[in-house]
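Let me begin by presenting the structure, written as structure tokens, before commenting on it.
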Amino acid sequence: MTHREVIQGQAVDKADGFTNVPERDTGMALGLRTGIFLTVAVVTAALISFVWTPYDAKAIDISSKLLAPSSMHLFGTDHFGRDILSMIMVGARNSLVVAFVAVGIGAGIGVPLGLLAAARKGLASELVMRTNDLIFAFPSLLMAVMITAVYGPGAINAIIAIGIFNIPVFARVTRGAGLSLWTREYILAARVAGKGPFLISVQHILPNLRGLLIVQAAIQFALGVVAEAGLSYVGLGVQPPMPSWGRMLSEAQTMIGFAPWMAIFPGVAIMILVFGFGLIGDGLNDHLDPRTRRER
Amino acid sequence: MVLLEINDLNVSIDRTPILNSVSLKLEAGEILGLAGESGSGKTMTAFAIAGLLPGRAEMSGQIVFDGTRLSNASESELCRIRGQDIGIVFQEPMTALNPVMTIGDQVAETVRIHRGVSRREAWQLAQATLDKVGLPSTLFPMDRFPHNLSGGQRQRVAIAIAIVLKPKLLIADEPTTALDVTTQAEILSLFRQLVCDEGIALILVTHDLAVVAETANRVVVMKEGTIVDQGSIADVFQASQKPYVKTLIRNAVHIPTRTSKKIGNIPVLETRNIVREYFGARKLFGRGRVLRAVDGVSVQIYPNENVGLVGESGCGKSTLLRTILGLDRAQAGDVRVFGQKFPPDRHEDMRQLRRRIQVVFQDPFGTFDPRWRVDQIIAENFHLFDLPPTGADARRRVDEILDRVGMQSSDAKRYPHEFSGGQRQRIAIARALITEPSVVALDEAVSALDVSIRAQILDLLADLSDRLGMSYLFVTHDLSVARSITDRVLVMKDGRIVEQGRTEDVFANPSHPYTVRLLGAVPDLDRALSKHPAATQKS
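Taken in sequence, the protein lines are chains U and Z.
Counting the first sequence from 1 gives a position; my numbering is that position plus 15.
Counting the second sequence from 1 gives a position; my numbering is that position plus 1172.
Right, dumping it as structure tokens:
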């Protein structure tokens, strides 16, 4: 059911895109704008949840359990009588923070490693890239299970697991694009100006990779949201009573026959955030690419 | 017989006029040179004839080819004419050939498309044609791929494809610009021979007036989409009344005026027996063949001296330059700057020595970080100072150097893409000069520029060396540049210096056979004109 909503959502977007604006390249900018709108909506909900939610997201009220959506409970209630809208708003916080910090860890460690691997060919590069391959070959879920087996489940460990998984992604992107930049003549010119690999990486390579890395970050953000939901779904993410989208889905699954709203709304929330970041990543890719930008 | 007639051809792209009432005629069996600087519309004219204008282009006027009006022919008709009656050769042979098809298949393909003959017949015709362009199948089997061939051989394959159907007209767009001079001479003589033997008419599009003068019967000079002058080679090159043509010819043979200076006798830069090797393509087991790019080269450059390092592509001159600049390390031998080893053993001495030797590359745009402003680009070399100037002091120095190379101080805040090619080269020179170097290496620094810009840059370089007292190392394949501005010239071949001496001596009396061959291959405007019948004086 969630799935059908998704498709309908997309169909509506596209229809709008084609009826309102006939030209194709503004249509791409429309994707970017839609992405920003969806993301800002979720972020706003998360921010509001700090000061106000319709009900206490953690308050159990068995007397009003499994209520269908109504004017009292817009998104209905779950099997403990908790308000689903409130839980989603608080859960958004959690999804955003986990994804954000995990991308931060991935970029913060991966980008310097990638720059190093691009600047120094030979042993250092091989060492960095083969270690990356090793991490890459390891399923993130397995890594999370391992980490939680040692340190116990929790948001922090979910962040670390997803963050570690992001490192090779950023390292690879940075190295790949960095290597081609290193063959440019302005790098030669910088070397003639006496600059070493460190200064060149910081002053020439990194700024020229900026667009690419922003796009990659947006994509990893979307993946991070899904990964967090996945870890929470199997109980390795944020622990109760703190609400989390992934756990809401797992709790809903036994009741999906008679209380479908318990699954639909967290599912749609995940969908919106992932779709939003996906559109931003895609839109920025076009926007920052000089080839597509020039045609505009 | 008039083969091609263009009447009042106008072309515009996105409402920007590209060609302005272009009219010309071409006789069968004639070579017409279409000359002009970049942006003059010479390539567009050629493309218009072949019906290869971009889809957005709007065209008016008449093109009549062999009795057919091409200007309103349908695309399918044009497809039949292209290849069949009009053959085309482009500048870059590697990109014009399909890398995964054998050369025989590529030539035969054209035959099969247009003639619908059997595979075998097409193959035989292809073989005969490749033979004709100087690739006999005994030496160059037809199952070779383009990457097995050299640049000149690839261009021969491209020519074979263009002429295999015995077209009436061959259009060659800068066919020799990407090639070495000796290869260029061979390809040009192949063109002359084809015109002579097969009666093909040739339109030779080129920026190089000497190439036109040596090859063509008639010339059309274009500027900004209009024809400035046309006529026989002698008429246009010797007796043209048009100021633009006169300037163009003057710029092509421009020799910057230089005050004679005392050349010092302690070398500022010296290399001793430099050896630089590369490993060739690796075999499955074991290492590949060792390629010795630079083989024991010793060079001295004295204060105030302009030295030319000339040679064809692959001779090792770029590798030598990289070693001199300290971008590559030599396997043997050493580079000395003011008698000190370079790169020095102690890291602290590095910046001080590096300041002394700077470089200007061929493509200035590529050597600028696209995200940096001009002032940042020039100030990058401040890194080499022990106490890099900052703030107002740095700005003043950048302004000074911009002024010195003929730019405005307001240009400092602009980005490289806002400038033309000549201006960019000035910025690159400013960057090299900001450290007050003793030696500036110029790696093909004027090769890619139009003749008028090239003349200006050569003047600028001569002027700067007069005022600042530096030595130049011109690394170039362009012997006319080397001749016009250097005191001493080194001829490099297969990693070795085969001849060196005072420039006028080497050019007047080359002693090494390679130098003789090289000089003979260089298109020379004066020599070419002396072969043409004297101009019929226009009143």
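Note that the Cβ used here is the ideal one computed from N, Cα and C, for glycine as well.
Asked: Proximal chain U residues relative to L1499/Z, where beta-carbon distance stays under 9 Å; Found: L203, R206, V207
Asked: For D1506/Z, the three-state DSSP class (helix, strand or coil); Found: strand
Asked: Proximity test, Cβ basis, 7 Å: E200/U and chain Z; Found: yes
Asked: Anticipated Cβ contact below 8 Å, V1353/Z with E1484/Z, distance rounded; Found: 7 Å
Asked: Cα-Cα separation between D1500/Z and Q1524/Z, rounded to whole angstroms; Found: 18 Å
Asked: Residues of the region 217-233 of chain U with Cβ closer than 7 Å to any Cβ of chain Z, in chain order; Found: H219, P222, N223
Asked: Buried versus exposed call for G209/U [16 or more other C-beta atoms within 10 Å across all chains shown]; Found: buried
Asked: Residue range of the alpha helix (DSSP H) that includes M1664/Z; Found: Per DSSP, M1664/Z belongs to no alpha helix (DSSP H); it is in the beta strand (DSSP E), 1660-1665.
Asked: V1612/Z - containing beta strand (DSSP E), residue span; Found: 1611-1615
Asked: L1204/Z beta carbon less than 7 Å from that of R1364/Z; Found: no
Asked: Cβ neighbours of I51/U in the same chain (closer than 7 Å, five flanking residues each side left out); Found: I295
Asked: Every unbroken alpha helix (DSSP H) inside the region 1185-1273 of chain Z [4 residues or more]; Found: 1214-1222, 1247-1256, 1265-1268
Asked: Helix, strand or coil at K1703/Z [DSSP, three-state]; Found: helix
Asked: Cα-Cα separation between I1190/Z and M1216/Z, rounded to whole angstroms; Found: 8 Å
Asked: Cut-off 7 Å between Cβ atoms - residues of its own chain near S1232/Z, not counting five sequence neighbours on either side; Found: N1182
Asked: Where M1394/Z sits in the DSSP three-state scheme; Found: strand
Asked: Any C-beta of chain Z under 7 Å from that of K136/U; Found: no
Asked: For V1393/Z and L1420/Z, believed in contact at Cβ under 8 Å, the rounded distance; Found: 7 Å
Asked: Minimum C-alpha distance to Q254/U - residue among I171/U, F236/U, Q268/U, M286/U; Found: I171/U
Asked: Cutoff 7 Å: F1533/Z Cβ touching any chain U Cβ; Found: yes
Asked: Members of the region 1548-1577 of chain Z near chain U, C-beta cut-off 8 Å; Found: E1552, N1553, H1555, L1556
Asked: Minimum Cβ-Cβ distance from I1185/Z to chain U less than 7 Å; Found: no
Asked: Residue from E200/U, V165/U, N300/U, A278/U whose Cα sits closest to the Cα of L228/U; Found: N300/U
Asked: Cβ of G1239/Z within 7 Å of any chain U Cβ; Found: no
Asked: Segment contact flag, the region 1524-1543 of chain Z with the region 1577-1585 of chain Z, C-beta cutoff 8 Å, min 3 pairs; Found: no
Asked: Cβ pair count under 8 Å reaching 3, the region 210-224 of chain U against the region 271-279 of chain U; Found: no
Asked: Integer-rounded CB distance, given that G1323/Z should sit under 8 Å from T1355/Z; Found: 7 Å
Asked: Same chain, Cβ closer than 8 Å to G119/U, neighbours up to 5 away in sequence not counted; Found: G178
Asked: Cβ separation of G252/U and A117/U, assumed to be a contact under 8 Å, to the nearest whole Å; Found: Not confirmed; about 12 Å, so no contact.
Asked: Strand pairing of E1177/Z, partner residues [DSSP]; Found: K1197/Z, V1236/Z
Asked: DSSP-derived helix/strand/coil call for V1447/Z; Found: strand
Asked: Near-chain U residues of the region 1308-1337 of chain Z - C-beta to any C-beta below 7 Å; Found: none
Asked: Residues, ordered as in the chain, of the region 73-91 of chain U that lie near chain Z by beta-carbon distance below 7 Å; Found: none
Asked: Three-state secondary structure (DSSP) of E1608/Z; Found: coil
Asked: Cβ of I1540/Z within 7 Å of any chain U Cβ; Found: Note on identity: in this sequence residue 1540/Z is Phe, with Ile being the wrong assignment. Chain U contact via Cβ: present.
Asked: DSSP state of G250/U mapped onto helix, strand, coil; Found: coil
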